[in-house]
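Accompanying notes for the structure given below.
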Amino acid sequence: MLPIRTEVPTPVVGTGSARGFTTRQVHAGDAACGPGGVRPRATPVFLTAGFRFDDFEQAGAHFGTGEGYAYTRHGNPTTDAAERKVADLEGGAEALLVASGQAAVTVAVLALVAAGQRVLSATSVYEGTRGLFMENLPRLGIETDFVEDANDPDEWARRITPDTRVLFCESVPNPRNDLVDLAAVARVAHAHGLPLVVDNTLATPYLLRPIEHGADVVVHSASKFLAGQGAVLGGVVVDAGTFDAGRSGALFPHLVERTRLGGPGYVERFGGSARIAYAREVVAPRLGPTPSPFTAFLVAQGVETLSLRVARQSAVALEVAEWLAGRPEVLSVDYSGLPSSPSHDLARRYLPDGQGSVFSFTLRDGEHAARHVVESVRLFTHMTHLGDVRSLVLHPASTSHVLRSPEEQAAAGIWPGTLRVSIGIEDPLDLVADLEQALATFPAAPGRVS
1 MLPIRTEVPT
11 PVVGTGSARG
21 FTTRQVHAGD
31 AACGPGGVRP
41 RATPVFLTAG
51 FRFDDFEQAG
61 AHFGTGEGYA
71 YTRHGNPTTD
81 AAERKVADLE
91 GGAEALLVAS
101 GQAAVTVAVL
111 ALVAAGQRVL
121 SATSVYEGTR
131 GLFMENLPRL
141 GIETDFVEDA
151 NDPDEWARRI
161 TPDTRVLFCE
171 SVPNPRNDLV
181 DLAAVARVAH
191 AHGLPLVVDN
201 TLATPYLLRP
211 IEHGADVVVH
221 SASKFLAGQG
231 AVLGGVVVDA
241 GTFDAGRSGA
251 LFPHLVERTR
261 LGGPGYVERF
271 GGSARIAYAR
281 EVVAPRLGPT
291 PSPFTAFLVA
301 QGVETLSLRV
311 ARQSAVALEV
321 AEWLAGRPEV
331 LSVDYSGLPS
341 SPSHDLARRY
351 LPDGQGSVFS
361 FTLRDGEHAA
371 RHVVESVRLF
381 THMTHLGDVR
391 SLVLHPASTS
401 HVLRSPEEQA
411 AAGIWPGTLR
421 VSIGIEDPLD
431 LVADLEQALA
441 TFPAAPGRVS
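For the sequence shown, position 12 (counting from the first letter as 1) is numbered 12 according to UniProt numbering, and the numbering increases by one without interruption.
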């Protein structure tokens, strides 16, 4: 076979866990050299729509095999470097960078599920994902069933139908912090020959690596903690490389069967990585959620400091949560790092190095008090985002969950007085002081919930 391109960068640090996490977040995915043999220390940005072919044969060979680079919608060296870095940190075989976290969920699901088939999801998921499952996918002939108690393996098993093709949950659900026993759900999925897809956005691979607990596919909103600076949108799909054609091939014939023209199928070409190969070649480029190479560069830059930020944010979040739990104005704090949390035992098992920095708390005096706090804080930024180095606050009942009925909000742990916070890297005493001055100017009403 003709060489497609002689200057494809080769990784210096490959996938593997021999080195420490922080070392790998800096060095994994690095390229040995760039075009012309130059050796940039930082990942170069290949800001181009397409790549020139050297000759007629090379162009034909690319479209016959998919090797090398032709068009950024199908691959770019900067994007590849970011993908290698995230795949390494998650312990996956490969990763695929897309334009947003919502795109990551969509691509991961559509690589596995077709019209007439079903998704089985935990109830406690990001509102955008819930909307995708309930409103968008049904228009494509895909329905979703929801598991009320995500920590009841028997309920997961009962809800699986002959048409179910994927199980879905979040490692740290947003914003309720009601953790899922990933290993238990993975066992149910695998007993039925199905993959488990886990959204690991809020935990990040620094705190939790779902593949180590049986997940087959991991998705991220890279806009959040991976990038970390609140300046970019991106998403990532990571595959464990665990597709077993012998066990699951009949459920996913599009991965096993030969092509329409008789060519080798995805399992024959890519083995255990057939799922993500199909997502990369068929789903993502045709749906079109292609990230800019500059976005890929910013994500990779953010990942280089991931552990430093997340460790700091988790520690600060615990201090803020503990302080809130002791305030008379606060009815409850939903943070798995607190002993009072129903998820605390799972947090000790799955999140021993920190419980993340996104959680919610509910004020006794309801929406009026929540409005007062949002409008009175000075350090917290009032916006709909997570994982920034700045601390953020939002009132879910009137924003992210406003399209739910009061009964649906209550079932999701969203009350009129609930506020969601994403803790940044500021000094905890300053954040506490900011919340304290906001609460101090509004009289508490103990015992009353509106």
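Ideal placement from N, C-alpha and C gives every residue a C-beta, glycine not left out.
Contact check for glutamate 322 against proline 205 fails: the beta carbons are separated by 7 Å or more. When C-beta atoms of the stretch 82-102 are compared with those of the stretch 295-312, three or more pairs fall below 8 Å, so the two segments count as touching.
Distance from valine 185 to leucine 179 at the Cβ level is roughly 11 Å; contact not present, criterion being Cβ atoms closer than 8 Å. Residues Leu167, Pro195 and Leu196 of the same chain have their beta carbon placed closer than 7 Å to that of alanine 189, with the five preceding and five following residues left out of the count. The alpha-carbon separation between serine 398 and aspartate 55 amounts to approximately 58 Å. Between histidine 192 and isoleucine 142, the C-beta spacing is not below 7 Å.
In this structure, the beta-carbon distance from alanine 99 to proline 406 does not fall below 7 Å. When C-beta atoms of the stretch 254-268 are compared with those of the stretch 228-242, fewer than three pairs fall below 8 Å, so the two segments do not count as touching. Residue nearest to proline 44 within the set Ser357, Pro293 and Phe361 is Pro293 (criterion: CA-CA distance). Less than 7 Å separates the beta-carbon of leucine 182 from that of proline 210. Per DSSP, the beta-bridge partners of glycine 50 are Tyr71. In the three-state DSSP reduction, histidine 213 falls in the helix class (H, G or I).
A direct Cα-Cα distance of roughly 7 Å separates leucine 208 from tyrosine 350. Taken in chain order, the complete beta strand (DSSP E) segments of 3 or more residues contained in the stretch 362-403 are 392-394.
Between the beta-carbon of alanine 103 and that of leucine 140 there is about 15 Å, and that puts the pair past the 8 Å contact cut. In this structure leucine 379 does not touch glutamate 408 by the C-beta definition: roughly 32 Å separates them, more than the 8 Å allowed. Under the 10 Å beta carbon count, threonine 384 is surrounded by fewer than 16 other beta carbons and is classified as exposed. Comparing alpha-carbon positions, the option among Gly272, Glu57, Thr362 and Arg420 lying closest to alanine 245 turns out to be Gly272. Around the C-beta of glutamine 25, 16 or more other C-beta atoms lie within 10 Å, and the residue is accordingly described as buried.
Using a 10 angstroms sphere on the CB of aspartate 430, the tally of other CB atoms stays under 16, which defines it as exposed. By DSSP's assignment, alanine 122 forms a beta bridge with Val147. Taking the Cα positions, tyrosine 278 is about 48 Å away from leucine 331. Distance from the CA atom of serine 400 to the CA atom of threonine 259, rounded to whole angstroms, is 43 Å.
Nearest neighbour of valine 373 by Cα position, chosen from Ser357, Ser343, Gly417 and Pro339, turns out to be Gly417. From the listed residues Glu436, Gln437, Ile414 and Thr381, the smallest Cα separation to isoleucine 423 is found for Thr381. In the assembly as shown, threonine 441 is an exposed residue. Its beta-carbon has fewer than 16 other beta-carbons within 10 Å. From the listed residues Pro40, Ala227 and Gly20, the smallest Cα separation to arginine 390 is found for Ala227. When rounded, the separation of the alpha-carbon atoms in threonine 72 and glycine 50 is 6 Å. From the listed residues Met134, Arg420 and Ser223, the smallest Cα separation to serine 360 is found for Arg420. Of the candidates Pro138, Gly241 and Arg275, the residue whose Cα lies closest to the Cα of proline 253 is Arg275. Cβ neighbours of alanine 284 within its own chain (closer than 7 Å, five residues either side excluded): Leu96, Val98 and Val107.
Restricting attention to alpha helix (DSSP H) runs no shorter than 4 residues, the stretch 169-214 encloses them at 182-191 and 204-207, ordered along the chain.
Here leucine 403 is exposed: its Cβ has fewer than 16 other Cβ atoms, across all protein chains shown, within 10 Å. A residue is called buried when at least 16 other Cβ atoms come within 10 angstroms of its Cβ; arginine 247 does not meet this threshold and is exposed. The C-beta distance from glutamine 313 to glycine 337 rounds to 12 Å, too long to meet the 8 Å contact threshold. Inter-residue distance for leucine 110 and leucine 363 is about 40 Å (C-alpha atoms, whole angstroms).
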